[in-house]
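**Student:** Each number in our numbering comes from the position in the sequence shown (counting from 1) with 4 added on.
All C-beta atoms, glycine included, are put in the ideal place defined by N, C-alpha and C.
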Amino acid sequence: MENFFSHESAVIDPGCKIGAGAVVTKTVPDYALVLGNPARQTGWMSEYGHKLNFKDTGKATCPESGEEYVLTDGNVHKSS
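(1) Count the other C-beta atoms from every protein chain shown that fall within 10 angstroms of the C-beta of K59, then say buried if there are 16 or more, exposed otherwise.
(2) Any heavy atom of the ligand GDP closer than 7 Å to the beta-carbon of K55?
(3) Per DSSP, what are the beta-bridge partners of T31 in this structure?
(4) For P67 and H54, what's the separation of their Cα atoms in angstroms?
(5) Using C-beta distances below 6 Å, list every residue in its chain close to L75, excluding the 5 sequence neighbours before and after it, in chain order.
(6) Mapping DSSP to helix, strand and coil, what is A26?
(7) By DSSP, does Y52 sit in helix, in strand, or in coil?
In structure tokens, the structure reads:
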């Protein structure tokens, strides 16, 4: 169930998390967490819904799955 508003020009990537009641007016990248009106990014989340805390190396690990995520140029992707 979706409980947010998205402007027609906003692109919502499949891995992002959007807070209830958020008004999305811009593109939301994979694994981003956005909240509020207008929606603002407040962090990054794993696929399991855990906050990702990136180290100086630009890497974070999901505590549930053990999967490693990499932050480069403002985007997050899973390490291969």
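**Tutor:** On the basis of the coordinates in this document:
(1) exposed
(2) Of ligands this structure carries none, so the ligand GDP is not represented either.
(3) T31 is not bridged to any residue.
(4) 7 Å
(5) F58 and G62
(6) coil
(7) coil
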